[in-house]
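The listed protein sequences derive, respectively, from chains L and W. Here the first sequence is numbered in this note's numbering, starting from 42 and rising by one per residue. Here the second sequence is numbered in this note's numbering, starting from 42 and rising by one per residue. Where is the CB? At the ideal position from N, CA and C, for every residue including glycine. All values derive from a computational prediction rather than experimental measurement. These notes concern the structure reproduced below.
2 protein chains.
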Amino acid sequence: MTSVDPSVIADVPLFAGLSRAEHEDMLRDAKAIRVAKGRPVFAQGEAAHSFFVLVHGHLRVMKLTPDGQQVVVRFVVPGEIFGVACAIGCKAYPATATAVIDSVVLVWPSAVWPELIARWPALASRAMHAIGGRLQEAHTRVVEMSTRQVEQRVAHALLRLVQQAGRKLDKGVEIAFPITRQDVAEMTGTTLHTVSRILSAWEERGLVEGGRQRIVVREPHQLFILAESSPGASS
Amino acid sequence: MTSVDPSVIADVPLFAGLSRAEHEDMLRDAKAIRVAKGRPVFAQGEAAHSFFVLVHGHLRVMKLTPDGQQVVVRFVVPGEIFGVACAIGCKAYPATATAVIDSVVLVWPSAVWPELIARWPALASRAMHAIGGRLQEAHTRVVEMSTRQVEQRVAHALLRLVQQAGRKLDKGVEIAFPITRQDVAEMTGTTLHTVSRILSAWEERGLVEGGRQRIVVREPHQLFILAESSPGASS
DNA sequence: GACCCGATTTGATCCATGACAAAGACTCTG
DNA sequence: CAGAGTCTTTGTCATGGATCAAATCGGGTC
């Protein structure tokens, strides 16, 4: 468990440019753990003792409101660092991360973070870059939620998923992990009913292909046009 | 212009714990500039050559959508660092920051950031902490936009404003800078009409007191209850 | 194959809130 | 004080989506 093959982080952008020896050094404090589909890596409210890098699999990060509604904050794809915004400062994880397929994550104790960045200052700026990117994404999402209507939000969400986790098929691009209408609804602030109706309409127009926990985007460009068009522009 | 009184940053949390000599050192690369009410500090899309700390005043940060709608991302209060998420990595500012009252900001060239954090590593983790807090706030807002209806969102927004920029009055707490119904609408993803109606209703119940570009919260606790109550809970 | 369970589809209805319109109210200026 | 410009209030109407309800589908299990 404790000894980790350094090659697993060879293509983590966060650690790019470090030598193999340095990789080994970083992994000294890390553990690799397997997380079965559906199981949480950490839960909202739990003490934030660790930060993580996803090696294999896909995670869904979601927040739970006081009255029990869920919102999907994002999906984590391999190579990403997560649970780190809190490593410095917050006591508890602000969200829950669960595996949508069997996954492998590297775990470091939060306590080693200062030591790691002391040894590799580039790590700090890369982490900051990652967090900055997420901040922008979050702001973009706020703007979208404020100004776009449901169909456009769903279009954007799908395009983002395709970009982050698209698997090329001859028919189009498939989202590489199981995803339900409910998930999409929780990403876009609507209901699974509305998402279902929208996808059905798109399917009729040949833009996407549906399925159980499965979405294939056939015409990303058409979807993009749909996402960008101003609310009143459709005839 | 170039020489800045070190005392101005004495109570910037980002620089807390540094000696006066260190303050002077940091300010060597900085300029202080005055920004008149209504003028921009930087504009969305502009090359991000600088990062900033607000010394006096208040700024509104907003994003403009392709079709011309505005969304208020946040208000900057004195002591906060801003425009830094981009200092590392983005070329252009992702939003526009304008002064809502006459303000004073410190300006550093983005290029000195690596040098500054090399000299004071604590700066990196504090900045990261600040960005992390903003990320959480943004996520909270996404959750709110997804799950709460307008009245609750407006309640939350007001409470946040009161917390960040509240000025204690004997009648209640006043938001310390001029703010329009339109501003609140752009913070909560609704229209100024709806905000006006909501504030009128609250005013009738004695929860707030309105005015031109002015909002006084009389009963923060009542507002809080309103903000938290689940959608269907009101009789 | 029969059954079960979660995911999806589709219909019908209702309502919060956006859109449009118009009339005050306040502030500043000359 | 008149006039202009900006904010704010309030009314009416239209509608995008939420909600409620129910059928159907697809996959896995015994």
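- Secondary-structure assignment with DSSP links His97 of chain W through a beta bridge to W:Val145.
- Fully enclosed alpha helix (DSSP H) runs of no fewer than 4 residues occupy 61-68 of the stretch 57-96 of chain W, in order along the chain.
- Proximity of chain L to His170 of chain W at the Cβ level (cut-off 8 Å) is accounted for by Ile129 and Gly130, in chain order.
- Under the 9 Å criterion on CB atoms, Pro162 of chain W is classed as interfacial with respect to chain L.
- Listed by position along chain L, the residues whose Cβ is nearer than 7 Å to that of Leu176 of chain W are Ala126, Ile172, Arg175, Leu176 and Ala179.
- Under DSSP, Leu105 of chain L forms a beta bridge with L:Gln111.
- Ala77 of chain L places its beta carbon less than 9 Å from that of Ala140 of chain L.
- Interface flag for Glu269 of chain L against chain W is set, since a Cβ pair is found closer than 9 Å.
- Those residues of the stretch 250-263 of chain W placed with their C-beta closer than 7 Å to a C-beta in chain L do not exist.
- By the rule that beta-carbons nearer than 9 Å mark a contact, Met186 of chain W touches chain L.
- Among the residues facing chain L, Val191 of chain W is not included, as its CB has no counterpart in that chain under 9 Å away.
- For Thr106 of chain W, the C-beta contacts it makes with chain L under 7 Å involve Val184 and Thr188, in order along the chain.
- With respect to Leu147 of chain W, Val117 of chain W sits apart: the two C-beta atoms are not nearer than 9 Å.
- Per DSSP, Gly207 of chain L is one residue of the beta strand (DSSP E) stretching across Gly207 to Lys209.
- Ala136 of chain L belongs to the set of residues whose beta carbon lies under 9 Å from a beta carbon in chain W.
- Contacts with chain L (Cβ-Cβ distance below 9 Å) from the stretch 140-163 of chain W involve Trp154, Pro155, Ile158, Ala159 and Pro162, listed in chain order.
- One Cα belongs to Trp243 of chain L, the other to Leu100 of chain L, and the distance between them is close to 27 Å.
- Val225 of chain W and Val203 of chain W have their C-alpha atoms spaced approximately 13 Å apart.
- In the structure shown, Val257 of chain W falls within a strand segment according to DSSP collapsed to helix, strand and coil.
- Bridge pairing for Ala133 of chain L: L:Ala88 [DSSP].
- Against chain W, the CB of Thr221 of chain L has no partner CB under 9 Å away; the residue lies outside that interface.
- Gly247 of chain W counts as exposed, since fewer than 16 other C-beta atoms from the protein chains shown sit within 10 angstroms of its C-beta.
- At a C-beta separation below 9 Å, Gln85 of chain L has no neighbours in chain W, since its nearest C-beta there lies roughly 11 Å away.
- For Gln205 of chain W, there are no C-beta contacts with chain L under 7 Å, since the nearest C-beta of that chain is about 17 Å from it.
- Closest option to Thr137 of chain L, judged by alpha-carbon separation, among L:Gln111, L:Ile50, L:Leu267 and L:Ala165: L:Gln111.
- Inter-residue distance for Leu164 of chain W and Leu264 of chain L is about 43 Å (C-alpha atoms, whole angstroms).
- Within the model, the alpha-carbon separation for His197 of chain L versus Arg175 of chain W is close to 23 Å.
- Taking 9 Å as the cut-off, the Cβ atoms of Met169 of chain L and Ile129 of chain W count as close.
- When DSSP states are grouped into helix, strand and coil, Ala138 of chain W belongs to the strand group.
- Within the DSSP secondary-structure output, Pro150 of chain W pairs in a beta bridge with W:Ser91.
- If you keep only unbroken alpha helix (DSSP H) runs of at least 4 residues inside the stretch 164-209 of chain W, you get 191-206.
- CA-CA distance, Phe93 of chain L to Pro150 of chain L, rounds to 9 Å.
- Taking C-alpha positions only, Thr106 of chain W is separated from Arg194 of chain W by approximately 21 Å.
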